[in-house]
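**Q**
Numbering (my numbering), first residue to last: 5 to 255.
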């Protein structure tokens, strides 16, 4: 029998809401990549049964946000450099297809409206120095680019990849999280799409993604180097993350 939940859950969708709570905590850096998720204390804190928690964890595993291993149990996924390579090869292929799918004439501006709105959100976030909102708007910009293909399954697949990318974004020191030219590079892509200049847009997109891939790989490599001495001095796993800040890279 489940205990009364302490976070006001709708009992009809408990596992889904628990998954949502955990997803937000992971993306906020409260449960860091590579850290163990201890089922018993977590279920007690959330006021749900272990079965309900496990159902929520299965959903997160399907999204690639957590992993199950024989010796460590459940851990938040820690991306490797080869994971970043796979994600960006896939992104490049899909996003270039989306550039080719842009229409012509007056209909083009209407189709690009969601991307323009994402640019506005990016500008507001940059002015406020809000890294999380900036990253959200960045990811939404690219998601709306893929949406130009009109393929719902690709949209779902793409957003799942973005969830995995966030695992790399939350690793970096917040000191470099607001890059110069972040908004400018996205506005260039938008302007080229709006003008119908597919060739230049493809070239700009390839450069944009290559730069982001290199930056994320550097982040993952840096974190991997830093984690080794920490493991030697840490008495156990599962420590709570300190910050939801991310790196200064465009995605």
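Positions of the beta carbon are idealized from the N, C-alpha and C atoms, including for glycine.
Keep in mind that this is a model prediction, so the values were computed, not measured.
Since residue 141 and residue 129 should fall inside the 8 angstroms C-beta cutoff, what is the C-beta to C-beta distance between them, to a whole number of angstroms?
**A** Indeed, because the Cβ distance is near 6 angstroms, the residues count as touching under 8 angstroms.
**Q** List the endpoints of the continuous beta strand (DSSP E) containing residue 24.
**A** Looking at the DSSP string, residue 24 is not in any beta strand (DSSP E); the run it does join, the alpha helix (DSSP H), is 18-31.
**Q** Does the distance from the C-beta atom of residue 95 to that of residue 146 stay below 9 angstroms?
**A** Yes, the pair counts as a contact, with Cβ atoms nearer than the cut-off.
**Q** Can you list the alpha helix (DSSP H) stretches of 4 or more residues lying completely in the stretch 32-91, in chain order?
**A** Whole alpha helix (DSSP H) segments, 4+ residues: 43-50 and 54-66.
**Q** Pairing CB atoms from the stretch 32-52 with CB atoms from the stretch 79-89, are three or more of them under 8 angstroms?
**A** In short, these stretches touch, since the Cβ pair count reaches three.
**Q** On the CB-based measure, 16 or more other CB atoms within 10 Å of its CB, does residue 116 come out buried or exposed?
**A** Label assigned to residue 116: buried.
**Q** Nearest to residue 108 by CA position, among 50, 102 and 199, is which residue?
**A** Of 50, 102 and 199, the residue nearest in Cα terms is 199.
**Q** Since residue 60 and residue 22 are thought to touch, with beta carbons under 8 angstroms apart, how far apart are those beta carbons, to the nearest angstrom?
**A** Right, their Cβ atoms sit about 4 angstroms apart.
**Q** Where does residue 255 sit, in a helix, a strand or coil, going by DSSP?
**A** Of the three classes helix, strand and coil, the one that applies to residue 255 here is coil, per DSSP.
**Q** Please classify residue 157 as buried or exposed, where buried requires at least 16 other C-beta atoms within 10 Å of its C-beta.
**A** Its Cβ having fewer than 16 others within 10 Å, residue 157 is exposed.
**Q** With burial defined as no fewer than 16 other Cβ atoms inside 10 Å of the residue's Cβ, what is the status of residue 160: buried or exposed?
**A** Answer is exposed; the Cβ neighbour count stays below 16.
**Q** In chain order, what are the residue ranges of uninterrupted beta strand (DSSP E) at least 3 long that sit wholly in the stretch 91-140?
**A** Counting only runs of 3 or more, we get nothing.
**Q** Rounded to whole angstroms, what is the Cα-Cα separation between residue 192 and residue 173?
**A** Their backbone Cα atoms lie some 23 angstroms apart in a straight line.
**Q** Apply the 10 Å Cβ neighbour rule to residue 66 and answer buried if 16 or more other Cβ atoms are within range, or exposed otherwise.
**A** Answer is exposed; the Cβ neighbour count stays below 16.
**Q** Put residue 200 into one of helix, strand or coil per three-state DSSP.
**A** Residue 200: coil per DSSP, three-state reduction.
**Q** Compute the distance between the beta-carbons of residue 212 and residue 189, then report whether it is under 9 angstroms.
**A** Yes, the Cβ-Cβ distance between residue 212 and residue 189 is below 9 angstroms.
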